[in-house]
Structure formats: C-alpha cells, structure tokens
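Chains as they are written, first to last, in the working numbering: chain W, 82 to 406; chain H, 82 to 406.
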C-alpha cells in the first residue's frame, strides 16, 4: 500500500470524525446517556438472557435460543502480568492489547527474549485459535502488539507477550523490523518525560477507494491453510501518558500506521489521527470515563518522532539473537 | 460472485471443518473445559477489571487502563418482542439476530408492513450507528435479518424488525427480493412440521482465493459517505426446529448463501453447510449447551427446498404494497 493511499485513508478517517469528533469530545456524558436509552431492550448481561425466559410478553420467546448456549461474540479477555488482551474469534487476531510501562518497569532487566517462544493460546477454543502453522511460510512476521521489550521485568511477563493472542501478521521488512519497531521505541522513550505510560495497540481493517469504480472496499489477506488468520491493513496505538498524580493530566496520542513498509524518513506525526478516528474504525471507545479537563495532546507536549536504529544493531545492543518473527 | 466461487467457499468451509467438526460434535463438554482453562487469565467480567486494580502482582498494572473506560467491544444486545440482536460496532451490521416462530405466532395477522418504517437504532452510540443515509443510493437493499413477515403478531413487533440493527446491505434483485425471500418462506413453512422454530441469521465476510496469486482474501464494499456500513459477502441462517417437548429433539440446519443474485433453480441444499462452518466463519457458537443425543439433521427430516413465488405476486398476496427495500 502506498503512502498516498495511507494518507488518504487517514484523511478520510479524520474527515469522517471532524465535527463528530469535536461533538463527541464535548459530550461524553451525553453519549453515555444515549447508549443506555434502549427502546425496549435492556443493558442486560447474557447471563440474564441465558435463562431462556421471555423478558417481554408476546406469543414467541426469541431469547429462548440461549438454552442452547449464548452465541457470543466472546472476546477472550486475558489478564497477564504484562498485558490485558481481547481477542476476535472471527479474525483470529486481538481486538486490542493494553500495556503499562514506567521508568522503573523498563529499568528492570530480568528477562531475555532468547528464553521466550511463540505460543498458541489454549484459552481460546481450538476452532477460533490462531495457530503457529497459520503463520508458517505466510510471508508475515508474528508481530507483537505489546512488544517483548516492554516486559523485561520478569521472564514470565516477557513470555506472556509471546501468546498468539498478542500477535498479528505484520509485514517484516520496512515495518515490524523497522518503522513499527522505531515507533515502539518512541513509546518507551515517553517514560523519560512521563512517570506512567499506558498503550493500547491493535489491528485495523480499513477501506480504500477503488479507482476503477470509486467504491470503498476493505480487502485483506487471510493466512493459514485453510485460511484462518486475517492480515490487518493497519495498526493503531492509543497512548495515555500520565503525569503520575491521582486524577492528574493524561496526554493522549493516537496513531494509525499501514501494515506495509514505511520509509524511515516519514515523520511519525504523519500517522497521528484523532482518537475518534481509531474509535470509528475499530468500534471501540478509549476515553469514555476520562474527563475533558484532564486531557492533553501528547504531540503538543513532546516531540513525536522516531529515532532510527538499524534492526541488526538493535539486536546486538539488546543481546537479542533470535529474529523477531 | 459466481456460484462456482460460492461453492468453492462453502467447500473450503466444509473442508476446514471436516474432521474438526466431527471432533467438536463429539466433545462439546471438552471444548467448554478448554475454553475455561485460561493460563493466567480469568473469565472475569469487564466490571471486575473496570476497578483498575492490579489483578496480578508486578511492577505495572495493565488493567489500570480501564479507569478511562473499558474499550469494548460492546455488542449492543437488544431484546425486542420479535427478536434479540447483537451488533458489530466496527462493521455497523448485526453479528446475529435470533427469532422464534410458531404456527400460532404466524397465524396472528395483527400487523401490516405499510405502517412500519426503517429506523436508526438510537441505542447504538451515533459514531457506531448504521444510518439511513448510509443505505441511500448505495445500490443495496436494507435487508431484514429477521423478516418483517415473521412478526405479524403485533404491529410493535413488526416495527421492531425495521431497526437498522436488524438490517444488512443486501443485493436486491435475485437475492433479497428473490432467492433469500424464498429461503425465508422455507423457514416459515417449517412450522407446518415443527411446533416451534428458532432461527439465527447474520452476515459473513468470507475469503476467496485470488486466481492471480493463489492467496485468500476477504474483500467487501463499505457504503455510506464517509464509508460506514460493510456489505457482507454472505449470509447465514442456523435453524433449530424443536419437537415441542421439554428436553426434546432439535433438528438443526445451517445455510450460507452469497450476497448475490441466485438463480431460482439452484437447490437450497447446495447452500447447506455444517454448523461448525458457520461457527468458524463467524466466530460464534450455536449449540454449546445442546446435548448430542438431542440433535437431528433438519434436511434429513424435511425436504429442504424453496418454493418460488414472484416478488410482485407475493406483495399482492400479502397486501404489502411497500417495496422491501
């Protein structure tokens, strides 16, 4: 995917969210109200519906289906030492993976990548699981969403970043091993300015305009035999840089990068988007409970840019002999 | 999409599920066990994690993110008189819509489609909502997942089928107004044999093999300006025909049809697939709690075929002057 296309997509995302973003930013309580004002539905948990009893009067009982099991979706929330992840059983990729880094946590060097190995996540039922064989010879790296290097405080924590529920197929050269890696490094460097940094990372599947007919289409590869794991078109990170005070300020930054080779000369700020753009594209919400007066803009406070270090050098520096993929 | 391609996809789905389907069919309790054996994660509800307290010891607290709100996904479960639906905020389509029909419910004719109108579902936050304008001039019908004609027992019940959370973009001629409609009629006719029929309907986004490079890709249009609502490549129905006895037999049938014009000569059984194929493709589970000894195969018991009646005639017969779209 060309940079031009990427820019166009980000532009569309931004355009899509322009007025709406502002509106949403200034009315988060209003949004909450609306989302709870379901006409005849209740914000009932599946557990309530699982009883199979009619919640509404009438000659039929649609919720009676649940006597055979609740269809889902189940998002396989996994809480590890180094991350919390949510999984998409249809696309066999995480929906989001959340991490937390601090100057102290990054200073602890109790783990080495060479002792970790990629693992299928047995917490996900076999038919919905991403498998090691899906990635084998797919042409894509097993791309960490929460980087292994962010979890060096214990070997167990680092090992947990190697579950495939923390992984997506990523382009290797020019992306996972290069620009994306520099971007991860940027996130770690934020701990030089902020005492506590939270990062949510995940895949996106964005449409682009087909020049032949002007229609917008989402198109992505599915790897594995039979086809099993989707190859995201893009990845996002939403960054929460905290000032360390209870109820203090949170500097927010959102970035969307194409799953493609990106030239190191490309400014990181070219990939900055409104958080609302990530929310619209992912169907998620990131700041529903964060009061407006506590929100700052990350890239207005720090220099949002990457520092390029070659992959081979980085491997040497970190003493990480095993390849990322 | 050609019928050949469709067949290939169904074949792949079936092939993908062959041995696994059998295995799953005979080990549903085993699957349940596995899905609950999360290594260090818990099947905790988001509510527990929303406290922002560390569930695991360590120098960092990834779950602390939830102080700013739980990202989701939220599936906007809606319980109506005529249906229960789950919504995909990313694709702006339902994930599944469940209904229940009986000979008695279908005999009640207290509603007329001419009094119903398509409605945006205000229970879904604006930025994740499918909008009437997304469908306008899109070239696609607003295709009911639970058909209006299945909810004639009250005007309110029928009206509720017109929420866009019960709708997907469907090809009109040759599909929504033709083959798909005949298929819906087949489902209603099942009440001549079974006293109680449950149907789950929803969209699929299936990969197909690109002949140019042999890779499997999912490709679908997104309608609206800006692009907002995905156009599914296929639709599924999973049918539970109950014998009416408590703990009685349930005849199961699963069908996957392409969102494309289908010739009326095409046998319905060409679209029959193992339920496991729908589960793999949708990420859902439909029969987790249904004991194996209660399961029968629908198309072994009844003649799974459509009866063709022209759309215009059908409109006259039913006194439904307004077009389906």
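All residues carry an ideal CB built from backbone N, CA and C; glycine is no exception.
Item, Value
"Proximity test, Cβ basis, 8 Å: residue 310 of chain H and chain W", "no"
"Under 9 Å (Cβ pairs) to chain H, residues found in the segment 160-181 of chain W", "160, 161, 162, 163, 164, 165, 166, 167, 169, 170, 171, 172, 173, 176, 177, 178, 179, 180, 181"
"Selected residue, minimal CA-CA separation from residue 324 of chain W, among W/369, W/289, W/350, W/375", "W/375"
"In DSSP terms, what residue 239 of chain H is bridged to", "Partner(s): none; residue 239 of chain H has no beta bridge."
"Contacting residues, own chain, Cβ-Cβ under 6 Å from residue 202 of chain H (five flanking each side not counted)", "244, 245, 246"
"Straight-line Cα distance separating residue 221 of chain H from residue 317 of chain W", "31 Å"
"Below-8 Å beta-carbon distance, residue 142 of chain H vs any chain W residue", "yes"
"Rounded separation between residue 272 of chain H and residue 186 of chain H - CA only", "10 Å"
"Coil, strand or helix - residue 221 of chain H by DSSP", "coil"
"CB contact flag (residue 174 of chain H, residue 311 of chain H, <8 Å)", "yes"
"Residue nearest to residue 159 of chain H in terms of C-alpha spacing, selected from H/182, H/242, H/189, H/379", "H/242"
"Interface partners of residue 414 of chain W on chain H, CB under 9 Å", "Chain W is shown only over 82 to 406; residue 414 of chain W falls outside these bounds and no answer can be derived."
"For residue 252 of chain W and residue 305 of chain W, the rounded distance between their alpha carbons", "16 Å"
"Within-8 Å CB hit, residue 388 of chain H to chain W", "no"
"Contact set between the segment 266-280 of chain W and chain H, restricted to residues whose Cβ is under 8 Å from the partner", "279"
"Residue-chain proximity (residue 332 of chain W, chain H), Cβ-Cβ < 8 Å", "no"
"Start-end ranges of the beta strand (DSSP E) lying completely within the segment 259-292 of chain H, minimum 3 residues", "277-285, 288-290"
"Distance, residue 309 of chain W Cα to residue 172 of chain W Cα", "7 Å"
"Within-8 Å CB hit, residue 201 of chain W to chain H", "no"
"Cut-off 6 Å between Cβ atoms - residues of its own chain near residue 238 of chain W, not counting five sequence neighbours on either side", "162, 163, 232"
"Alpha-carbon to alpha-carbon, residue 150 of chain H and residue 371 of chain W", "7 Å"
"Buried versus exposed, by CB contacts within 10 Å (16 or more), residue 364 of chain W", "buried"
"Residue 357 of chain H in three-state terms, based on DSSP", "helix"
"Sequence-distant residues of the same chain with beta carbon closer than 6 Å to residue 386 of chain W, five excluded per side", "349"
"Residue-chain proximity (residue 313 of chain H, chain W), Cβ-Cβ < 8 Å", "no"
"Option in W/198, W/282, W/266 with minimal Cα separation from residue 168 of chain W", "W/282"
"Residue 337 of chain H to residue 353 of chain H span [Cα, whole Å]", "7 Å"
"Through-space distance from residue 274 of chain H to residue 198 of chain W, alpha-carbon basis", "55 Å"
"Residue 195 of chain H, DSSP secondary structure in three states", "helix"
"For residue 176 of chain H and residue 288 of chain W, believed in contact at Cβ under 8 Å, the rounded distance", "That pair is no contact at about 19 Å."
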